[in-house]
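For reference, the structure is listed below as structure tokens.
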Amino acid sequence: MLKLAFSIILYGIIRSSLADANSCGKLVHCTVKRCFSTEKTETAMHTMSAVGMFSAMVDQFSFVCLATKCHDACTACEQCNYALDQISKITSGVKTKMECPKIETCLEQCFLEDALHMNSCARKRCNLYCYNDDCPYCIYVAKRIFLRICRENNIPKLPNVNFNGNCMDLFDHVLKEYSAGHRT
Numbered sequence: 010m011l012k013l014a015f016s017i018i019l020y021g022i023i024r025s026s027l028a029d030a031n032s033c034g035k036l037v038h039c040t041v042k043r044c045f046s047t048e049k050t051e052t053a054m055h056t057m058s059a060v061g062m063f064s065a066m067v068d069q070f071s072f073v074c075l076a077t078k079c080h081d082a083c084t085a086c087e088q089c090n091y092a093l094d095q096i097s098k099i100t101s102g103v104k105t106k107m108e109c110p111k112i113e114t115c116l117e118q119c120f121l122e123d124a125l126h127m128n129s130c131a132r133k134r135c136n137l138y139c140y141n142d143d144c145p146y147c148i149y150v151a152k153r154i155f156l157r158i159c160r161e162n163n164i165p166k167l168p169n170v171n172f173n174g175n176c177m178d179l180f181d182h183v184l185k186e187y188s189a190g191h192r193t
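Here it is, written out as structure tokens:
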């Protein structure tokens, strides 16, 4: 009986994980399609180093775009939905859970300084906290976006990148380099 109960619980966990992975996959597909400039991404892919390319992708990233143009997919993905909830709380003056303290504090400051320009402030001042181990929710979504673009374009094999490894290895490499250049 205990074995059956364990099997049922395990099945539920696996099924829930797969559902979230599928939901987040839809989010990534939508984000790449609707929130990234194909022209800017293509230019970065064919003219920059891997770290430069990653930096160009970070510069393009807009959570507001993701939350508006991919809203249904965002709410279905746990990691994105957390971010939506935090932004909603920040703009309503409600305290957040502070599971991503640096990003959330930065967003609060941006909102208090100029609510109308919160998105550009967040892009300039807060996005970097996503890549320095402050927020597992954020890095999860960012990693999936990077991996999708990387795999679709075989970025490790591009002449300007020439990386000996796969996209996951490349992500770890560029994240380390990018974070080292953007210490807070």
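Heads up, the sequence shown is in the numbering used here, so the first residue is 10 and it goes up one at a time.
We put the CB at the ideal spot given by N, CA and C, even for glycine.
Predicted, not measured: the structure shown is a model, and the values here were computed from it.
CA-to-CA, the gap between Ala65 and Arg43 works out to about 16 Å. Counting C-beta pairs with one atom in each stretch, the region 130-150 and the region 102-119 have three or more that are closer than 8 Å, which means they touch. Asp143 counts as buried, since no fewer than 16 other beta carbons sit within 10 angstroms of its beta carbon. Around the beta-carbon of Pro165, 16 or more other beta-carbon atoms lie within 10 Å, marking it buried.
Taking Leu125 as reference, the option from Gly34, Asp68, Thr100 with the minimal CA-CA separation is Thr100. By the Cβ neighbour-count rule, Ala189 is exposed, with fewer than 16 other Cβ atoms within 10 Å of its own. Cβ neighbours of Leu116 within its own chain (closer than 8 Å, five residues either side excluded): Gln95, Ile96, Ile99, Met127, Ala131, Cys135.
DSSP places Cys130 in the uninterrupted alpha helix (DSSP H) bounded by 127-130. Closest in alpha carbon position to Thr50, among Asp181, Lys185, Asn173, Asn162, is Asn162.
Excluding sequence positions up to five before and after Phe155, its CB lies within less than 6 Å of the CB of Phe180, all in the same chain and listed in chain order. Contact between the region 75-92 and the region 169-180 is absent, with fewer than three C-beta pairs closer than 8 Å. Residues Pro165 of the same chain have their beta carbon placed closer than 7 Å to that of Asn175, with the five preceding and five following residues left out of the count. One thing to note: Val41 has its Cβ no nearer than 9 Å to the Cβ of Glu186.
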